[in-house]
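Numbering (our numbering), first residue to last: -12 to 143. Using N, Cα and C, we set each Cβ at its ideal position, and we do this for glycine too. From a predicted model like this one, the values you see are computed outputs, not experimental measurements. Report on one structure; see the data block that follows.
Dropping the structure here:
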């Protein structure tokens, strides 16, 4: 994988987030906090996990091998603002990223080493998995979720 391909994966990933944020921001606080089940109990908790995971991975990619999940805002708007800041930092980093560079980091089971490309694929896949859960949670709230398909980005 080269840098342009790495950037394209992140561009598709961010495009999907941009499709989701209007629906997430339109939730009432009660809807965002209501426990409807899933890996995380609410839309807010699922979204906080997704944004937090991306923050941790970017920290690792930028040389902080012991990055930990941050405390998350109590509302969707705060998560959106954190995500916006994250995307700026990530785009700056992407221009100099070496897809084949080895990144060693700590996680709950010890330490591991992966390439930048492997981590970027994981970040996109992880978010995609949880977008499916967000879709189910939104349906349980009686709402219609946005499309969650990567192929939509490539069809543009």
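Proximity winner among 62, 78, 48, relative to residue 17 (alpha-carbon distances):
Out of 62, 78, 48, the CA that lies nearest to the CA of residue 17 is found in 62.
Compute the distance between the beta-carbons of residue 132 and residue -7, then report whether it is under 8 Å.
In this structure, residue -7 does not lie closer than 8 Å to residue 132 by Cβ.
Quick check on residue 75: buried or exposed, where buried means 16 or more other Cβ atoms within 10 Å of its Cβ?
Around the beta-carbon of residue 75, fewer than 16 other beta-carbon atoms lie within 10 Å, marking it exposed.
Am I right that residue 54 and residue 41 are in contact with their C-beta atoms under 8 Å? What's the rounded C-beta distance?
No, residue 54 and residue 41 are not in contact; Cβ-Cβ is about 11 Å, not under 8 Å.
Contact between the region 106 to 115 and the region 19 to 32: three or more CB pairs below 8 Å?
No, the region 106 to 115 is not in contact with the region 19 to 32.
Among 14, 34, 78, 32, whose alpha-carbon lies nearest the alpha-carbon of residue 48?
Ranked by how close their Cα comes to the Cα of residue 48, the residues 14, 34, 78, 32 have 78 in first place.
Quick check on this structure: which residue in 105, 129, 70 has the alpha carbon closest to the alpha carbon of residue 35?
Nearest to residue 35 by alpha-carbon distance, out of 105, 129, 70, is 70.
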